[in-house]
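Notes follow once the structure below has been shown.
Chains as they are written, first to last, in the working numbering: chain A, 2 to 110; chain B, 151 to 340.
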């Protein structure tokens, strides 16, 4: 019964599409969507490594704060396991911060 | 109630326009989706940023010749069945800029237009009226027989040729299968 409820509408949609939306592909219709302009170049191009560093530092500061606020709010009622897990998480992120600091990413150019 | 009527009821009440503005008419188009006019009442508030998800193209404003290839390509990329509203005097005929060397004198030279909406620019009420007329048109469209939509006819084109910038003008200057220059009847003088 449950499988039928899933399969029957799918089958009906498939039948409907078979009769009332015939496939008519074409070179323009099937081409990549790029705001109406003809597609150009290779989408797998290289990105500047700065974006990678930016992502790491974003993770360290922003995502850390998102987790730290509920952690701080529930701190007194937490079991020892949760505190340990959080400590490991903080250590990993602090490690990232130390790495970024040593690499000199934090100095403004 | 037939299956055809149920199908048309569904699709005429969920016409999703392409998010695509060309000139001042686009401001009126935006206004008609906002709270005061609220096009959402007619199921058309979902302006899609991709032609794959849209079934209505509102050509809202002056079509410059540089923009024509992009418009025709976007129209080609939309999924069938698709409809076009030519909004405002410019999209219909070039409007006040008709004499401009760079202005297309009506988008119906390249893509089939279903609703011509006059005005300069048309008020949001007018756009809503155009949408309601389109909904009536969709609701009356049969799925079989002579009046069925283009994509259900085996000989119906799936793509419309995209013009390119030639030496002087767009080439070709129109799609002769859907538009021909009007013939001017002249009295024969002997």
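Even glycine gets a Cβ: it sits at the ideal position worked out from N, Cα and C.
Beta carbon proximity, residue i to chain B, threshold 8 Å
| i | result |
| --- | --- |
| residue 44 of chain A | no |
| residue 10 of chain A | no |
| residue 13 of chain A | no |
| residue 72 of chain A | no |
| residue 38 of chain A | yes |
| residue 29 of chain A | yes |
| residue 59 of chain A | no |
Minimum C-alpha distance to residue i - residue among the options
| i | options | result |
| --- | --- | --- |
| residue 317 of chain B | B:252, B:151, B:325, B:227 | B:252 |
| residue 154 of chain B | B:289, B:312, B:329, B:175 | B:289 |
| residue 303 of chain B | B:186, B:282, B:230, B:212 | B:230 |
| residue 256 of chain B | B:245, B:265, B:250 | B:245 |
| residue 164 of chain B | B:190, B:178, B:277, B:272 | B:190 |
| residue 282 of chain B | B:210, B:178, B:235 | B:235 |
| residue 211 of chain B | B:217, B:185, B:176 | B:176 |
| residue 238 of chain B | B:174, B:287, B:268, B:222 | B:268 |
| residue 214 of chain B | B:241, B:224, B:169 | B:241 |
| residue 156 of chain B | B:266, B:259, B:291 | B:291 |
| residue 162 of chain B | B:296, B:264, B:173, B:193 | B:193 |
| residue 216 of chain B | B:334, B:336, B:337, B:312 | B:312 |
| residue 86 of chain A | A:61, A:60, A:68 | A:68 |
Boundaries of the alpha helix (DSSP H) in which residue i is found, first to last residue
| i | result |
| --- | --- |
| residue 52 of chain A | 51 to 59 |
| residue 5 of chain A | 3 to 21 |
| residue 99 of chain A | 81 to 104 |
| residue 158 of chain B | 153 to 162 |
| residue 71 of chain A | 65 to 74 |
Any C-beta of chain A under 8 Å from that of residue i
| i | result |
| --- | --- |
| residue 227 of chain B | yes |
Same chain, Cβ closer than 8 Å to residue i, five either side skipped, listed in chain order
| i | result |
| --- | --- |
| residue 63 of chain A | none |
| residue 180 of chain B | 171 |
| residue 31 of chain A | none |
| residue 314 of chain B | 219, 320, 321 |
| residue 278 of chain B | 182, 187, 189, 192 |
Proximity test, residue i beta-carbon vs the ligand ZN heavy atom, cut-off 7 Å
| i | result |
| --- | --- |
| residue 26 of chain A | Ligands displayed in this structure: none; no statement on the ligand ZN is therefore possible. |
Other residues of its chain near residue i: CB distance less than 7 Å, five sequence neighbours each side excluded
| i | result |
| --- | --- |
| residue 262 of chain B | 234, 328 |
| residue 36 of chain A | none |
| residue 111 of chain A | Coverage of chain A is limited to positions 2 through 110, which leaves residue 111 of chain A absent and any answer about it impossible. |
Identify every run of the beta strand (DSSP E) within the region 251 to 283 of chain B, keeping only runs that are complete inside it and at least 3 residues long; order them along the chain.
Within the region 251 to 283 of chain B, the complete beta strand (DSSP E) segments of 3 residues or longer fall at 265 to 267, listed in chain order.
To test your reading of the DSSP string, which unbroken alpha helix (DSSP H) runs of 4 or more residues are found completely within the region 190 to 262 of chain B?
The region 190 to 262 of chain B contains these whole alpha helix (DSSP H) runs: 218 to 227, 238 to 243.
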